[in-house]
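Worksheet for the structure shown next.
Number of protein chains: 2
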Amino acid sequence: MTATPTLDFWFEFASTYSYPAAMRIAPLAKARGVNVRWRPFLLGPIFKAQGWDNSPFNIYPAKGRYMWRDLERICAALAIPFRQPVPFPQNGLIAARVALVALAQGWGEDFCRATYRAEFGEGRDIGEATTIASVLAALGRNAEEIMQQAQADAVKADLRAQTEEAQRLGIFGAPSFTTGGELFWGNDRLEAALEWAQR
Amino acid sequence: MTATPTLDFWFEFASTYSYPAAMRIAPLAKARGVNVRWRPFLLGPIFKAQGWDNSPFNIYPAKGRYMWRDLERICAALAIPFRQPVPFPQNGLIAARVALVALAQGWGEDFCRATYRAEFGEGRDIGEATTIASVLAALGRNAEEIMQQAQADAVKADLRAQTEEAQRLGIFGAPSFTTGGELFWGNDRLEAALEWAQR
């Protein structure tokens, strides 16, 4: 009677390093027998609490220049497409709400990967409803219907609750992973987090 | 006629994640045939240019809490001792100057590792000259003589020049690694940096 190891994957659609994490996590977790719960949240309120009204990669230019090159190298090593989106950061609100609807319906991981690919693989603006609608259509979904479901008060409240829970857990950036009372931050901590989940 | 792959290892004695990097780098580089140049520098002037007068781990408490736990986990996985030093951050100025002297004399890597172990393995205050003197004595060095050499104008100028070069290279944190025109930041990028050096 051992419970399946579980990991919570906290991501924000505006977050650059969440892109490679979202593309990597499913096969790595499957190989280790770890069940992953995808938890979209918003970094905006958390950054605001730290005194930031913009991405730290814009506030600190040296860090920003480094991050874009680092992300480019990471994507090349993973053989996934990379294109810097304009503007940056993008508004991940619509995508996060749609992700909650899609995850509840069982096709959320595909939506998240497709949205990250549109944003950081093709440089499209996922803050625009039309971009999200076209991602949904490409997945064979009824975009109009889903977009409407994503505007429900319950979905909005759910996203707020996720963000509040992230903050309570001490999350200050994305991607983050929580398991067994431990917090891991960054795409580069994915393997360590999965190993912890298996303990 | 292939030149030996070379990597510059930029570290600051106050920097927490420089500790595991300093403990790991020599065997990893040797196994890959990469020559490492140890480059101590000071983060203070670079942080000041970003508007910080303290460690970002103190300025952003959630990030700081996370870092200490993350570092503890990393040290446990590497089976190296860990003890949070007080105060934090420590003043790495004396250690950096002594490191330059020691590196020029060929025993600098041992000094750096011993200093990091005193600081983050035993929680000792390496900002104090007496701590550095005892580290030197434990290495069988004439502490008084070395400490005096470290106060020479040429050494002070050398450390300033290293810090200015770090800033020119776009370095904004420690540890950092530079090789072949590329910058890698963080203990978790050590392997990627070594691989790049081998290209």
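Chain order of the listed sequences is V and Z.
1 is the number of the first residue of the first sequence in the working numbering; add one for each residue after it.
1001 is the number of the first residue of the second sequence in the working numbering; add one for each residue after it.
Note that the Cβ used here is the ideal one computed from N, Cα and C, for glycine as well.
Being a predicted model, the structure only gives us computed values, none of them experimental.
Listed by chain order, chain Z residues near residue i by CB distance under 8 Å
| i | result |
| --- | --- |
| W185/V | Y1066, D1070 |
| Y60/V | Q1050, F1172 |
C-alpha distance - residue i paired with residue j, whole-angstrom precision
| i | j | result |
| --- | --- | --- |
| P1045/Z | T1163/Z | 8 Å |
| M1/V | E165/V | Its pLDDT being 48, under 50, M1/V is placed unreliably by the model, and the measurement read from it follows with that caveat. Each residue's alpha carbon lies about 29 Å from the other. |
| C75/V | T16/V | 11 Å |
| L1042/Z | M147/V | 51 Å |
| A1026/Z | R1189/Z | 15 Å |
| S55/V | W1052/Z | 17 Å |
| E1109/Z | W185/V | 30 Å |
| T1115/Z | A1095/Z | 8 Å |
| G1092/Z | I1126/Z | 7 Å |
| F172/V | R69/V | 22 Å |
| L1194/Z | V1036/Z | 9 Å |
| V86/V | A1029/Z | 38 Å |
| L159/V | A104/V | 13 Å |
| P5/V | A1031/Z | 35 Å |
| Q1050/Z | E144/V | 45 Å |
| N142/V | Q149/V | 11 Å |
| E72/V | R83/V | 8 Å |
| A129/V | Y19/V | 20 Å |
| F1111/Z | L1139/Z | 7 Å |
| V1155/Z | M67/V | 33 Å |
| A1022/Z | A1003/Z | 24 Å |
| G121/V | R113/V | 10 Å |
| K1191/Z | Q151/V | Checking the sequence, you will find Glu at residue 1191/Z rather than Lys. Rounded to whole angstroms, E1191/Z to Q151/V spans 45 Å at the Cα level. |
| F1177/Z | W1038/Z | 10 Å |
| F47/V | K63/V | 16 Å |
| Y9/V | I80/V | Going by the sequence as given, residue 9/V is Phe instead of Tyr. The alpha-carbon atoms of F9/V and I80/V are separated by roughly 20 Å. |
| V34/V | T179/V | 11 Å |
| G123/V | S1134/Z | 55 Å |
| F11/V | T131/V | 19 Å |
| Y982/Z | L136/V | A query on residue 982/Z cannot be resolved here, the shown segment of chain Z reaching from 1001 to 1199 and no further. |
| R1065/Z | G1170/Z | 27 Å |
| F57/V | F1088/Z | 25 Å |
Local conformation of residue i per DSSP, three classes
| i | result |
| --- | --- |
| R1039/Z | strand |
| W1107/Z | coil |
| E122/V | coil |
| E1195/Z | helix |
| E1182/Z | strand |
Chain-ordered chain V contacts of residue i [CB-CB under 9 Å]
| i | result |
| --- | --- |
| K1063/Z | Q50, F172, G173, W185 |
Chain V contact residues for residue i, given Cβ-Cβ distances below 7 Å
| i | result |
| --- | --- |
| D1188/Z | D188 |
Exposure label - residue i; buried when at least 16 CB within 10 Å
| i | result |
| --- | --- |
| L1078/Z | exposed |
| Q90/V | buried |
| N187/V | buried |
| A118/V | buried |
| A1102/Z | buried |
| D153/V | exposed |
| R199/V | exposed |
| R97/V | buried |
| R168/V | exposed |
| P40/V | buried |
| P1175/Z | buried |
| A197/V | buried |
| A157/V | exposed |
| A1099/Z | buried |
| A14/V | buried |
8 Å Cβ cutoff, residue i in contact with chain A
| i | result |
| --- | --- |
| Y1019/Z | Looking for chain A here will not work: the only protein chains present are V and Z. |
Inside the segment 138-168 of chain V only - alpha helix (DSSP H) runs reaching at least 4 residues: Counting whole runs of 4 or more residues, the segment 138-168 of chain V contains the alpha helix (DSSP H) stretches 143-149, 153-168.
If we require 4 or more residues per run, which alpha helix (DSSP H) segments fall completely within the segment 2-56 of chain V? 18-31, 44-49
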